[in-house]
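For reference, the structure discussed in these notes is given below.
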Amino acid sequence: MGRNEVVFSASVILAGVVLLASEPAFLVGLAAAMAAFTALWLVSLALRNASIVDIFWGPGIVLVGWLYHLMASPRTRPGLLVCALVTVWGLRLAGHIAVRNAGGGEDFRYRQWRERSGPAFWWVSLFKVFLLQAVVLWVVSSPLLLAQRSGAGFGGRWLVGFGLLLWVVGFFFEVVSDWQLLAFKRDPANRGRILDRGLWRLSRHPNYFGEATLWWGTGLIAASAGGPLALIGPALLTFTLVKISGAAMLDRELAARRPGYTEYIARTPAFLPFRIARRRRAELVPHWPFRREQK
Numbered sequence: 169m170g171r172n173e174v175v176f177s178a179s180v181i182l183a184g185v186v187l188l189a190s191e192p193a194f195l196v197g198l199a200a201a202m203a204a205f206t207a208l209w210l211v212s213l214a215l216r217n218a219s220i221v222d223i224f225w226g227p228g229i230v231l232v233g234w235l236y237h238l239m240a241s242p243r244t245r246p247g248l249l250v251c252a253l254v255t256v257w258g259l260r261l262a263g264h265i266a267v268r269n270a271g272g273g274e275d276f277r278y279r280q281w282r283e284r285s286g287p288a289f290w291w292v293s294l295f296k297v298f299l300l301q302a303v304v305l306w307v308v309s310s311p312l313l314l315a316q317r318s319g320a321g322f323g324g325r326w327l328v329g330f331g332l333l334l335w336v337v338g339f340f341f342e343v344v345s346d347w348q349l350l351a352f353k354r355d356p357a358n359r360g361r362i363l364d365r366g367l368w369r370l371s372r373h374p375n376y377f378g379e380a381t382l383w384w385g386t387g388l389i390a391a392s393a394g395g396p397l398a399l400i401g402p403a404l405l406t407f408t409l410v411k412i413s414g415a416a417m418l419d420r421e422l423a424a425r426r427p428g429y430t431e432y433i434a435r436t437p438a439f440l441p442f443r444i445a446r447r448r449r450a451e452l453v454p455h456w457p458f459r460r461e462q463k
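The working numbering puts the first residue of the sequence shown at 169, with every later residue one more than the last.
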């Protein structure tokens, strides 16, 4: 286990302890997530495809969020707002991943783990894939319960407004970059090439940047009602996307098998798009972000 994995594991455990100490109702969300993902694991065994866990990441958070909202008394406006926003995000993401994965087989990450684990993968996947994601989902979704509090937050309407602005920016980045990549891959002329146009010219992982940004927006909206603990979820998600199962893992995989990806790494920021945006603003404006160009 590498340093990042150790930090990640310790962060998840610490976050869980802090959240449970602050609000025992978090146990309900944890139980719901564990039960749902255990059932999903059984489905994955029948399909011999662990990738279905990715499709249900968004809907799982939607489920937990609305469960928290229905439990709340009284219910708050920030609580209703974050549930509505997460529903839009989660269902859109599930649909996108389902379309992207259709007919493509198991994701390379799970194929690698299946090969390493051999015949034991059927039970290893329960803990390493499904229950781990359930726990991470539970921590990430923590703002959805904290948003149901009243009188514990700070910042008021200005924080809600700023959080909503961040959410819109993040959702824009995630949706547009997902669309650009899907359209790029569907063109046979782009086989073996690297998408470095549109939002992918600003960042190697603009979809991950968008997801992290919209979750920071969600956390700020929740913090207006539930206080600073609402930022634990966005912080863990960002670390996961940057260092664990997102950008870092994909960069290693693509650099090893895709010609030209090392050069793409050298000229394009990994996550935050701001440095390249400042340097190439005049060049980017004519086509960013809607025009899909060939490499």
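We put the beta carbon where it would ideally sit given N, CA and C, even for glycine.
For clarity, every value in this text was computed on a predicted model and none was experimentally measured.
Cβ neighbour criterion (16 or more within 10 Å) applied to residue i
i, result
"Asp355", "exposed"
"Ala315", "buried"
"Leu224", "The residue you asked about is not Leu; residue 224 is Phe in the sequence shown. Its Cβ being crowded by 16 or more others within 10 Å, Phe224 is buried."
"Glu342", "buried"
"Ser310", "buried"
"Ser241", "exposed"
"Arg171", "exposed"
"Val267", "exposed"
"Phe352", "buried"
"Leu188", "exposed"
"Leu349", "buried"
"Trp335", "buried"
"Ala183", "buried"
"Trp326", "exposed"
Reduced DSSP category for residue i - H, G, I as helix; E, B as strand; rest coil
i, result
"Leu305", "helix"
"Arg279", "helix"
"Ala193", "coil"
"Arg245", "helix"
"Asp355", "coil"
"Leu294", "helix"
"Ser310", "helix"
"Glu274", "coil"
"Gln316", "coil"
"Ile362", "coil"
"Ala218", "coil"
"Val180", "helix"
"Gly414", "coil"
"Leu440", "coil"
"Leu370", "coil"
"Arg426", "coil"
"Leu187", "helix"
Which listed residue (the options) has its alpha carbon closest to that of residue i
i, options, result
"Leu405", "Glu283, Ala302, Thr244 and Arg268", "Ala302"
"Ala193", "Leu334, Val307, Arg359 and Ala207", "Val307"
"Ala398", "Gly271, Gly331 and Leu210", "Gly331"
"Thr255", "Leu312, Arg171 and Tyr376", "Leu312"
"Pro396", "Val186, Leu440, Leu215 and Ser212", "Val186"
"Gly338", "Pro374, Pro437 and Leu210", "Pro374"
"Val304", "Val180, Ala438 and Gly329", "Val180"
"Leu210", "Asp346, Trp257 and Trp291", "Trp291"
"Arg282", "Lys296, Ile362, Glu379 and Gly428", "Lys296"
"Leu370", "Arg425, Ser345, Cys251 and Trp384", "Ser345"
"Glu274", "Ala403, Asn217 and Phe407", "Asn217"
Chain C contact for residue i (CB, 7 angstroms cutoff)
i, result
"Ala201", "The chain labelled as chain C is not found in the depicted structure, where only one protein chain is given."
Supposed close pair residue i, residue j - CB separation, criterion 8 angstroms
i, j, result
"Arg277", "Met417", "7 angstroms"
"Ser293", "Ser212", "7 angstroms"
"Asp419", "Ile433", "6 angstroms"
"Thr436", "Arg372", "5 angstroms"
"Leu299", "Met202", "6 angstroms"
"Thr381", "Leu253", "No, Thr381 and Leu253 are not in contact; Cβ-Cβ is about 13 angstroms, not under 8 angstroms."
"Phe340", "Phe439", "Actually they are not in contact, since the Cβ atoms of Phe340 and Phe439 sit about 16 angstroms apart, beyond 8 angstroms."
Residue i beta carbon near the ligand ADP (any heavy atom closer than 6 angstroms)
i, result
"Thr255", "In the structure shown, the ligand ADP is absent, as is every other ligand, since no ligand is present at all."
Q | the segment 223 to 243 touching the segment 196 to 213, judged by at least three CB pairs closer than 8 angstroms | A | Segments in contact, yes.
Q) Taking one C-beta from the segment 366 to 382 and one from the segment 273 to 290 each time, how about it: are there three or more such pairs within less than 8 angstroms? A) The answer is no - the segment 273 to 290 does not touch the segment 366 to 382, with fewer than three Cβ pairs under 8 angstroms.
Q) Is it a yes or a no for the segment 260 to 273 touching the segment 216 to 231, going by three-plus beta-carbon pairs under 8 angstroms? A) Taking 8 angstroms as the limit for Cβ pairs, the verdict is that the segment 216 to 231 does touch the segment 260 to 273.
Q. Does the segment 240 to 260 touch the segment 385 to 397, meaning 3 or more C-beta pairs lie closer than 8 angstroms?
A. Yes: the two stretches touch, three or more of their Cβ pairs being nearer than 8 angstroms.
Q) Hey, is the segment 171 to 180 in contact with the segment 409 to 416, meaning 3+ C-beta pairs nearer than 8 angstroms? A) Verdict: yes, contact present.
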